[in-house]
Amino acid sequence: MIKITLPDGSIREYEKGTNSLQIAQSISEGLARNVLAAEVDGQVWDATRPIEKDASVRLLTWNDKEGKSTFWHSSAHLMAEALETLYPGTKFGIGPAIETGFYYDVDFGDRPFSSDDFKKIEDKMLELARTKSDYIRKQVSKSDATAYFSEKGDEYKLDLIKDLADGSITFYTQGNFTDLCRGPHIPNTGFIKAIKLTNVAGAYWRGDESRKQLTRIYGVTFPKASELSDYLHMIEEAKKRDHRKLGKELELFAFSERVGMGLPLWLPKGAALRQKLIDFLQRAQMKAGYEPVVTPHIGHKNLYVTSGHYEKYGADSFQPIRTPQEGEEFLLKPMNCPHHCEIYKTKPRSYKDLPVRFAEFGTVYRYEQSGELHGLTRVRGFTQDDAHLFCRPDQVKDEFKKVIDLVLYVFKALGFDDYTAQISLRDPENKSKYIGSEENWLLAEAAIVEAAEEKGLKTVTELGEAAFYGPKLDFMVKDALGRKWQLGTIQVDYNLPERFELEYTGSDNQKHRPVMIHRAPFGSLERFVAVLIEHCAGEFPLWLTPEQFIILPVSEKYEEYAKKLLESLNNTDIRGLIDLRDEKVGRKIRDAEIKKIPYMLIVGEKEVENGTISVRKHGEGDLGGMTVEAFSKQLIKEITV
């Protein structure tokens, strides 16, 4: 007999070789019908894989992240089976689960393929799913695996096998399809009830531009047809909210091939919105004791060699800039932190001077492949709301709490209410891959855990996800459509102070290394604006909106009144404009609604006679007449709130 410990702490005894599905059946048939996989001693297994020794077991369903991932990975195999059935001779690369479904990279040879083929593949997948074929795991030797895919003529699988150790290779078979895979998988194909292929793109084998470009087919599946309907509705809503579409309609930003791919051009309205965000955070930072600094857009190559960024980002950076002086090379900066370390070193520091907090809206540059670029969310030049805090080890916790306060202040002001903080700690089984003393790590990890707890954050802890130089806290935010974005990060760093030989004189009159905290509540302005646009569908908080009102004269007879009105309102520090086009007022109202301008002020004969305005609110309609002073007070009150 073996002892199985369940998440509630209860312990049950089963015969050796019992699998997780049988454990679920012993609890309830309803639970067993929903079990997709199981976490056995921290590793995700097939629910049908025998357990041979005492273990802790967590049963995974569709409601668990790991359950969904297993479901979608199994769906990738189902799609591969459908493709092999429909298009004999197809070769397969990799087919992982991703956050929103799965994909498979395939080689169709000379056969053309497009989204027009999706329906045929979806139908075949559903047909195969209904057979309820089991996913069968089999361990194979390296020689047998090589022989199988050599006979099949699939060079991509052979390329993968080369990197695998003998004894660690497994095949999975469902129906007539066998794949090289470490698993895990759901019990059988019958769990898959609804299927939608979503996109097709090109992808170089192993991400290498010098190798063949494969066809990457994306899809998503669900255990219920109703969930697919909900998903398709969400996708349609996401299309309406796409920041690239709204950015163009609202005249916020643009791209130009002549300027360069991935280099956004901020238009007047977008620049105004961006500046408002900067001003907002700068005011908060000044109150929190940050000192503004400014650093160049380039730095000597040796700066980034010293920091380690050249080794880490060199291949993904723009090529070095060579000067007329032989051997002298500069880089467009990929990070702001090395520059801030050099600012710290400009004068001696005492323990009494710490913490020191440097903040900069610094633009950085990283080369991204053209296929990876996506609107503002993936660009080649972006501005980080970067700050670096240099403190003593005993100050880390308090500084962390203050940074958490700042991040939450930003989220509240911009309507991000649903978030989780991920605490990323060392892998306790492999401490050798981290730098810094055991004492400092224990201090930093305890500081982060305690700070998050004292702030009442909803947290998840991930072991082994710490950076090699220190633990960190990442904020995972859900937008209005329930999509998750990583916004806001706080990292503890022992690496750069060591590399740059940063020091402060302690109370013992000895030299000590400061601890460095990296933080960026926005992350990058470009990506943050993209997420914000999609979160609020372009309807920004009033204080952030580039144009808070528009004056709509009924005819040119009332333009002078409109101009005086604009001047009066602009003097009260609210922002607006006049629509002087020779159009009917109904057309002007429709256009203002499309541009999502919060307030429309209509002026005609009655308003001129009474010295008033007729107010409409975007999305709500007519609010009636009011004085200019009353409207101004209402707007200022709303902005202040």
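First residue of the sequence shown? That's 6 in our numbering, and the numbers climb one at a time after it.
All residues carry an ideal CB built from backbone N, CA and C; glycine is no exception.
Taking only the alpha-carbon atoms, compute the straight-line gap between residue i and residue j and give it to the nearest angstrom.
i: methionine 481; j: methionine 6; result: 42 Å
i: glutamate 296; j: tyrosine 161; result: 53 Å
i: glutamate 588; j: alanine 276; result: 28 Å
i: threonine 194; j: leucine 133; result: 7 Å
i: glycine 188; j: aspartate 59; result: 22 Å
i: glycine 172; j: isoleucine 166; result: 12 Å
i: proline 101; j: alanine 85; result: 12 Å
i: glutamine 287; j: alanine 293; result: 10 Å
i: alanine 87; j: glycine 469; result: 37 Å
i: serine 31; j: alanine 471; result: 38 Å
i: arginine 595; j: proline 269; result: 29 Å
i: serine 573; j: glutamate 539; result: 33 Å
i: aspartate 513; j: tyrosine 349; result: 21 Å
i: lysine 562; j: valine 590; result: 13 Å
i: lysine 402; j: alanine 289; result: 20 Å
i: asparagine 341; j: lysine 516; result: 25 Å
i: aspartate 399; j: leucine 448; result: 8 Å
i: aspartate 391; j: lysine 438; result: 26 Å
i: lysine 229; j: tryptophan 490; result: 26 Å
i: valine 45; j: asparagine 435; result: 20 Å
i: histidine 305; j: glutamate 503; result: 19 Å
i: isoleucine 409; j: phenylalanine 395; result: 16 Å
i: glycine 22; j: glutamate 232; result: 35 Å
i: glutamine 324; j: alanine 525; result: 26 Å
i: glycine 609; j: isoleucine 602; result: 20 Å
i: glutamate 104; j: phenylalanine 227; result: 14 Å
i: isoleucine 583; j: lysine 593; result: 10 Å
i: leucine 378; j: phenylalanine 260; result: 12 Å
i: glutamate 455; j: threonine 464; result: 11 Å
i: glutamate 333; j: leucine 308; result: 12 Å
i: proline 117; j: threonine 95; result: 12 Å
i: glycine 47; j: serine 312; result: 35 Å
If contacts are defined as beta-carbon pairs under 8 Å, then residue i and residue j qualify, I think. What distance do you get, rounded to the angstrom?
i: phenylalanine 387; j: glutamate 262; result: About 19 Å separates the two Cβ atoms, so there is no contact after all.
i: valine 613; j: tyrosine 566; result: 5 Å
i: glutamate 241; j: phenylalanine 182; result: The pair is not a contact, with the Cβ atoms about 33 Å apart (cut-off 8 Å).
Start and end of the alpha helix (DSSP H) containing residue i?
i: aspartate 128; result: 123 to 134
i: glutamine 1; result: A query on residue 1 cannot be resolved here, the shown segment of the chain reaching from 6 to 646 and no further.
i: threonine 90; result: 70 to 91
i: tyrosine 109; result: Unbroken run through tyrosine 109 is the beta strand (DSSP E), 106 to 112; no alpha helix (DSSP H).
i: alanine 564; result: Checking the displayed sequence, the identity of residue 564 turns out to be glutamate instead of alanine. Per DSSP, glutamate 564 belongs to the alpha helix (DSSP H) from 564 to 575.
i: tryptophan 446; result: 443 to 459
i: leucine 418; result: For the sequence presented, residue 418 should be read as alanine rather than leucine. Segment 401 to 418, the alpha helix (DSSP H) holding alanine 418.
i: glutamate 612; result: 610 to 615
Given a threshold of 16 other Cβ atoms within 10 Å of its Cβ, counted over all protein chains shown, does residue i qualify as buried or as exposed?
i: alanine 426; result: buried
i: alanine 206; result: exposed
i: asparagine 615; result: exposed
i: threonine 351; result: exposed
i: aspartate 184; result: buried
i: proline 551; result: buried
i: arginine 385; result: buried
i: asparagine 24; result: buried
i: phenylalanine 473; result: exposed
i: glycine 224; result: buried
i: methionine 291; result: exposed
i: alanine 150; result: buried
How about residue i and residue j: do their beta carbons lie closer than 8 Å?
i: lysine 406; j: lysine 477; result: no
i: histidine 314; j: glutamine 179; result: no
i: phenylalanine 107; j: serine 138; result: no
i: threonine 466; j: leucine 413; result: no
i: isoleucine 647; j: phenylalanine 363; result: Because the chain in this structure spans residues 6 to 646, residue 647 falls outside the shown range and cannot be described.
i: alanine 251; j: leucine 419; result: Sequence inspection shows leucine at residue 251; the alanine mentioned does not correspond to that position. For leucine 251 and leucine 419, no; Cβs fall outside 8 Å.
i: valine 62; j: isoleucine 16; result: no
i: leucine 36; j: tryptophan 67; result: no
i: aspartate 69; j: tyrosine 140; result: no
i: glutamate 643; j: leucine 549; result: no
i: histidine 393; j: methionine 521; result: yes
i: arginine 371; j: proline 329; result: no
i: valine 111; j: leucine 219; result: yes
i: valine 559; j: isoleucine 618; result: no
i: glycine 581; j: isoleucine 599; result: no
Which residue comes first and which comes last in the beta strand (DSSP E) that contains residue i?
i: phenylalanine 395; result: 386 to 396
i: asparagine 204; result: 199 to 209
i: phenylalanine 363; result: 361 to 370
i: arginine 249; result: That residue, arginine 249, is in no beta strand (DSSP E); its alpha helix (DSSP H) goes 248 to 254.
i: leucine 185; result: 182 to 185
i: alanine 426; result: 423 to 430
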